[in-house]
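Inspection log for the structure reproduced underneath, given as structure tokens.
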Amino acid sequence: MNQRAQAAELLRRVEAGGAYANVLLRDADAGLRSDVYGVLRWQGELDASLSVAVSRPLERLQKEVLAVLRVGAYELLRTDVRASAVVSECVDAIRQMGAPKASGLVNAVLRKVAEADGPEMEVARAGAFPDWLVEDLTAAWGPEEVEAFLLASNTAARPGVRVRPGEPGDGERLEGIPDARLIGRPGDGLTFQDPASVAVVQALDVPAGAKVLDLAAAPGGKTQHLLDLVGPGGRVTALERHARRARTGARRVPDARWVIADGRHPPFTGGFDRVLLDAPCSGLGTLRRRPEIRHRIRAGDVDRLAGLQSELLEAAMGLVAPGGRLVYSVCTITPSETTDVVDGRGFEAPSGLPGRAAGDGWLLAPHLAETDGMFIAAFDA
Ligand SMILES: C[S@@+](CC[C@H](N)C(=O)[O-])C[C@H]1O[C@@H](n2cnc3c(N)ncnc32)[C@H](O)[C@@H]1O
Numbered sequence: 005m006n007q008r009a010q011a012a013e014l015l016r017r018v019e020a021g022g023a024y025a026n027v028l029l030r031d032a033d034a035g036l037r038s039d040v041y042g043v044l045r046w047q048g049e050l051d052a053s054l055s056v057a058v059s060r061p062l063e064r065l066q067k068e069v070l071a072v073l074r075v076g077a078y079e080l081l082r083t084d085v086r087a088s089a090v091v092s093e094c095v096d097a098i099r100q101m102g103a104p105k106a107s108g109l110v111n112a113v114l115r116k117v118a119e120a121d122g123p124e125m126e127v128a129r130a131g132a133f134p135d136w137l138v139e140d141l142t143a144a145w146g147p148e149e150v151e152a153f154l155l156a157s158n159t160a161a162r163p164g165v166r167v168r169p170g171e172p173g174d175g176e177r178l179e180g181i182p183d184a185r186l187i188g189r190p191g192d193g194l195t196f197q198d199p200a201s202v203a204v205v206q207a208l209d210v211p212a213g214a215k216v217l218d219l220a221a222a223p224g225g226k227t228q229h230l231l232d233l234v235g236p237g238g239r240v241t242a243l244e245r246h247a248r249r250a251r252t253g254a255r256r257v258p259d260a261r262w263v264i265a266d267g268r269h270p271p272f273t274g275g276f277d278r279v280l281l282d283a284p285c286s287g288l289g290t291l292r293r294r295p296e297i298r299h300r301i302r303a304g305d306v307d308r309l310a311g312l313q314s315e316l317l318e319a320a321m322g323l324v325a326p327g328g329r330l331v332y333s334v335c336t337i338t339p340s341e342t343t344d345v346v347d348g349r350g351f352e353a354p355s356g357l358p359g360r361a362a363g364d365g366w367l368l369a370p371h372l373a374e375t376d377g378m379f380i381a382a383f384d385a
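Numbering of the sequence shown is given in our numbering, commencing with residue 5 and proceeding in unit increments.
Structure representation (structure tokens):
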């Protein structure tokens, strides 16, 4: 199969089976990655162009045909590949995918798209992001910042790493997050983690020897960071609701004490020096690496998650010892899951991080400091 056929096939798997693009593309070459991520990032704009060129509604097209057309439209509108090469490769692709009868349609539609005007539309208007998200963010941030966020969210993320204690670390140091680096390629002794995730644990200000609870812990990326900070005299308890995820966490971070339970009804009475609630969320801060999330999350999902986050936060607040600290974090940027959740509960923004204040917390985001979107708020008991 040629690259366009492979891309179309992977896109179908992402759309049909809920597969994650970053997992499917782990060993893929740059061209294939560009096609798959490009379609997921710009699908709204690509479909808008295709629907002008196709005489019937797009959802009535065969799934293979629509996927190949999206790959072709992406290359025509968003890359420098020659139009004639795009059209002929896509025609070959649909034949290779077992739908030779559709080759005439693919040829005609992509020629029309190639001849149409360029895509110089504003990113939000282009429909690359769902309307509800653009509206929600615009009401909270204003149009200019939303535009900057959306554009930055449609770029590729440079890998981020955390330098573990005692290990050398190279790469570009990030002001305000001492252990975080942005690098081009992974080096030895470095743990893959976006700088925004490193910042979450930093905001918890964990002293050596502390008794720490990680209330929604799997797969354990931050749990390991917590363990690195408490050292041999401390203890980290990692709670996770879903057994399979807890088992993965326990395999990855065996030195934490893993507990399978619902964080809304935790089996502890309290007394933790530090509590981290890195809550389940819509993940819309990670669009650079998981562009398909925008097509999966609906406004209703965000409301449901905000309810769960509030309940978890209520439970978490009851578990911090006097003089201790709780951090609430989510890798998303919707107001309902961030500022609204902590509002009026005595939270404050952690200091010393890149990004900007947001309500009673702090926001990191790709357009602010080249990190994932992450909201962090701290509560001192
Ligand atoms: C954002 S993830 C945590 C990521 C983790 N802190 C890390 O850095 O690797 C949230 C986790 O909360 C779990 N979760 C969802 N509902 C929960 C609940 N009611 N109680 C405890 N954990 C829950 C999810 O299964 C998911 O593993």
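Every residue, glycine too, gets a C-beta built ideally from N, C-alpha and C.
Because the structure is a prediction, the values reported are computed rather than measured.
If you run the structure through DSSP and keep just helix, strand and coil, what is residue i?
i, result
"Val127", "With a pLDDT of 49 at Val127, under the threshold of 50, the modelled position of that residue is not reliable, and the figure given next carries that caveat. Val127 falls in the coil class under three-state DSSP."
"Met101", "coil"
"Ser42", "In the sequence under discussion, the amino acid at residue 42 is Gly, which differs from the Ser named in the question. The answer is helix: DSSP assigns Gly42 an H, G or I state."
"Ser59", "coil"
"Tyr78", "helix"
"Phe351", "coil"
"Arg360", "strand"
"Gly328", "strand"
"Arg255", "helix"
"Glu179", "coil"
"Leu36", "helix"
"Val263", "strand"
"Gln206", "helix"
"Gln66", "coil"
"Cys285", "coil"
"Leu29", "coil"
"Asp84", "coil"
Give the DSSP bridge partners of residue i, in chain order.
i, result
"Thr195", "Arg166"
"Val216", "Val240 and Arg278"
"Ile337", "Its beta-bridge partners do not exist; DSSP assigns none."
"Met378", "Leu368"
"Phe383", "Leu330"
Over what stretch of residues does the beta strand (DSSP E) that includes residue i continue unbroken?
i, result
"Glu139", "Unbroken run through Glu139 is the alpha helix (DSSP H), Asp135 to Trp145; no beta strand (DSSP E)."
"Ile297", "Ile297 -> not in any beta strand (DSSP E); alpha helix (DSSP H) instead, spanning Ile297 to Arg300."
"Leu291", "First-last for Leu291: undefined, no H or E at that position."
"Leu281", "Phe276 to Asp282"
"Arg185", "Ala184 to Leu186"
What are the start and end residues of the alpha helix (DSSP H) that includes residue i?
i, result
"Pro370", "Pro370 to Ala373"
"Val117", "Ser107 to Glu119"
"Arg16", "Gln7 to Gly21"
"Val346", "Thr343 to Val346"
"Arg308", "Ala303 to Met321"
"His229", "Gly225 to Val234"
Give me the Cβ distance between residue i and residue j, rounded to the nearest whole Å; I'm assuming they're in contact under 8 Å.
i, j, result
"Val450", "Leu323", "This structure cannot speak to residue 450, because the chain is shown only from 5 to 385."
"Gly365", "Thr343", "6 Å"
"Ala184", "Ala203", "7 Å"
"Ala369", "Gly274", "Rounded, the Cβ-Cβ distance is 33 Å, inconsistent with contact."
"Leu81", "Leu50", "7 Å"
Quiz item: In chain order, what residues have a CB nearer than 5 Å to some heavy atom of ligand 1?
Solution: That query returns the following residues: Ala220, Ala222, Pro223, Gly225, Lys226, Arg245, His246, Arg249, Asp266, Gly267, Asp282 and Pro284.
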